[in-house]
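K.L.:
Structure provided below as structure tokens; questions to follow.
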Amino acid sequence: DWDLEEARKIWAFGPEGTGPNCLVDATKVVQYLNEVKDHISTSFQQLTMDGGVLCEEPLRGVRFNLSDVTLHADAVHRGAGQVMPPAKRSMQAAVYTAEPILYEPLYLVDIQCPEDVLGGIYSVMNKRRGQVIDQENRPGTPLYQVKAYLPVAESFGFTAALRSETGGQAFPQMLFDHWEA
């Protein structure tokens, strides 16, 4: 849930100013904060785009609250070189302590085939971590429609393997469906 004051103090969305992550100024009163706002926002953009802590992946659905900042009184110590590295490292540390997880993209696979090759479809899906979610006979035809989830990483060569296993009688269509932990 968002506090109305914090919602008004959103500094940035990321990556690239439009992504699913946000940087919120949750500080009360911090002297010189406006001078370093751009540096902190740039660090946030870099982190959300290509600085994920697990394998340098883009971040999704992360909210960073800037709760307190101590800045040097001398302006020369508030430049990009002095602010950006610690800002980025502190955001990385926050992600680490939040126990991050990786999400895997999954395709929804729709396969049309005759009944006698269903075993081959199940065989190929099991070898590739696929999960069949539905199987139904197409009314008025000898064909079956099989729906399954298949990890995108396992989809390379899937059509060839499926056709090989079913003698070319199975016809798959793949469409991105969702992310899964």
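In case it helps, the working numbering puts the sequence shown at residues 6 to 186. Using N, Cα and C, we set each Cβ at its ideal position, and we do this for glycine too.
Near Val129, which residues of its chain fall below 6 Å by C-beta distance, leaving aside the five closest residues on each side in sequence?
P.N.:
The beta carbon of Val129 lies closer than 6 Å to those of Ala166, Leu167 and Glu170 in the same chain, with the five residues before and after it left out.
K.L.:
Give the C-beta separation of Tyr149 and Glu159 to the nearest angstrom, bearing in mind that I take them to be a contact with Cβ-Cβ under 8 Å.
P.N.:
The Cβ separation is near 22 Å, so there is no contact.
K.L.:
So, is Ile106 buried or exposed, given that buried needs 16 or more other C-beta atoms within 10 angstroms?
P.N.:
exposed
K.L.:
What is the DSSP secondary structure of Tyr101, reduced to helix, strand or coil?
P.N.:
helix
K.L.:
Name the two residues that bound the continuous alpha helix (DSSP H) containing Phe163.
P.N.:
Phe163 to Thr171
K.L.:
So, helix, strand or coil for Gly19, using DSSP?
P.N.:
Three-state DSSP puts Gly19 in a strand.
K.L.:
Count the other C-beta atoms from every protein chain shown that fall within 10 angstroms of the C-beta of Tyr101, then say buried if there are 16 or more, exposed otherwise.
P.N.:
exposed
K.L.:
Going along the chain, which residues of its own chain have a beta-carbon closer than 6 Å to the beta-carbon of Gly66, five neighbours each way excluded?
P.N.:
Pro25
K.L.:
Is DSSP giving Asp79 helix, strand or coil here?
P.N.:
coil
K.L.:
Three or more beta-carbon pairs under 8 Å between the segment 83 to 92 and the segment 116 to 123, yes or no?
P.N.:
Fewer than three Cβ pairs drawn from the segment 83 to 92 and the segment 116 to 123 lie within less than 8 Å of each other, which leaves the two stretches out of contact.
K.L.:
Leaving out the 5 sequence neighbours to the left and right, which residues in its chain are closer than 7 Å to Val74 when beta-carbon positions are compared?
P.N.:
Thr32, Val35 and Leu38
K.L.:
May I have a chain-ordered list of the alpha helix (DSSP H) segments no shorter than 4 residues that lie completely inside the segment 20 to 58?
P.N.:
38 to 55
K.L.:
With H, G and I counted as helix, E and B as strand and the rest as coil, what does DSSP make of Asp115?
P.N.:
strand
K.L.:
In the DSSP assignment, what are the bridge partners of Leu155?
P.N.:
Tyr112
K.L.:
Helix or strand or just coil, what does DSSP make of Arg133?
P.N.:
coil
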